[in-house]
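For the sequence shown, my numbering gives the first residue as 4, with consecutive numbering after it. Idealized CB from N, CA, C, for every residue including glycine.
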Amino acid sequence: MWAIVMVALHVLTGPQIRVITKPADVQHVYASEEACQAVLKADLPGKLQGETAQQYEDGYRRYVCVRIRDTEHLKLDE
């Protein structure tokens, strides 16, 4: 299984890493990396607003798909 993770680096406080879990009505765990990447490319940029969108455009904030450990035995529909 795969999830979208936000990554940002700050000079004084170091890395900020957060698993994306909002909005609640949207699926946040994906069966494959391809499914996760599809959501990143199609949906994510258009949902960012204000300062968050500017940070993304300027490269200060990135979103990546990361595999979730120890989930091989779980089933998830794409």
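query                                                                                                                                             : result
If I measure Cβ to Cβ from Glu36 and keep anything under 6 Å in the same chain, skipping five residues before and after, which residues do I get? : Trp5, Cys68
If you run the structure through DSSP and keep just helix, strand and coil, what is Ala34?                                                        : coil
Please report how far the alpha carbon of Lys25 lies from the alpha carbon of Arg65, in whole angstroms.                                          : 16 Å
Using three-state DSSP, classify Val42 as helix, strand or coil.                                                                                  : helix
Based on the DSSP secondary-structure assignment, which residues constitute the bridge partners of Pro137?                                        : Given that the chain is displayed from residue 4 to residue 81, the structure contains no residue 137 and the question cannot be resolved.
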